[in-house]
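A quick write-up on the structure given underneath.
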Amino acid sequence: MGVEVAIVIGGGNIFRGNMADPRKDFTAKQYVEVSFDEVVRRDLRVMGQAAMILARDHQLPLHVFTFDQPGAMARICRGEQVGTYISTELAALYK
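If you want it as C-alpha cells, here you go:
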C-alpha cells in the first residue's frame, strides 16, 4: 500500500500564494495552484529556493496557507481548497 506525503507549511509574513505582496500591490492575485517551476521562475517567496528545489526534485507537494484562517488545517485535510497548492505538474490557476 502506498502512502502519499505532502508538506504543509504556513506562516505570518511569508509568501501567501500571491503573485505579489498584497500589502504593496492591491492588484495581486492569489494562486490557487501553481507548479514548482513557476515558483522558481517567478522567484515567489514561499521558502528558501534550495528547499523549494529539493521539494520539487523529490516530488513533495506543498500546501501554503496562513494559520490565521480558523480551521484551515482541518479543511485542507478534508480536501477543501485553502491557500495555494504547489506541485510538479500544474498550470497556474488564480483566484
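Sequential numbering of the sequence shown, starting at 1277, is according to this note's numbering.
Ideal Cβ placement from N, Cα and C applies to all residues, glycine included.
Subject >> Nonlocal neighbours in the same chain, by C-beta distance under 7 Å from Q1335, ignoring five residues either side >> reply: Around Q1335: T1364.
Original post:
For P1337, which of D1301, Q1306, I1329 has the nearest alpha-carbon?
Top reply: Nearest neighbour of P1337 by Cα position, chosen from D1301, Q1306, I1329, turns out to be I1329.
Original post:
For F1341, which option in G1347, A1350, Q1325, V1358 has the closest C-alpha, if you only look at C-alpha atoms?
Top reply: With respect to the C-alpha of F1341, the residue from G1347, A1350, Q1325, V1358 having the closest C-alpha is V1358.
Subject >> R1292, DSSP secondary structure in three states >> reply: Only weak support is given to the placement of R1292: the predicted model assigns it a pLDDT of 49, under 50, and the value that follows is read from those uncertain coordinates. Assignment of R1292 by DSSP, reduced to helix, strand and coil, places it in the coil class.
**OP:** Please state if the CB of F1312 and the CB of A1331 are separated by a distance shorter than 8 Å.
**Re:** The answer is yes: Cβ separation under 8 Å.
Original post:
Can you name the start and end residues of the beta strand (DSSP E) that L1338 belongs to?
Top reply: Note, L1338: beta strand (DSSP E), 1338–1341.
**OP:** Going by CA-CA distance only, name the one from E1356, V1316, R1318 that's closest to H1339.
**Re:** Of the candidates E1356, V1316, R1318, the one whose C-alpha sits nearest the C-alpha of H1339 is E1356.
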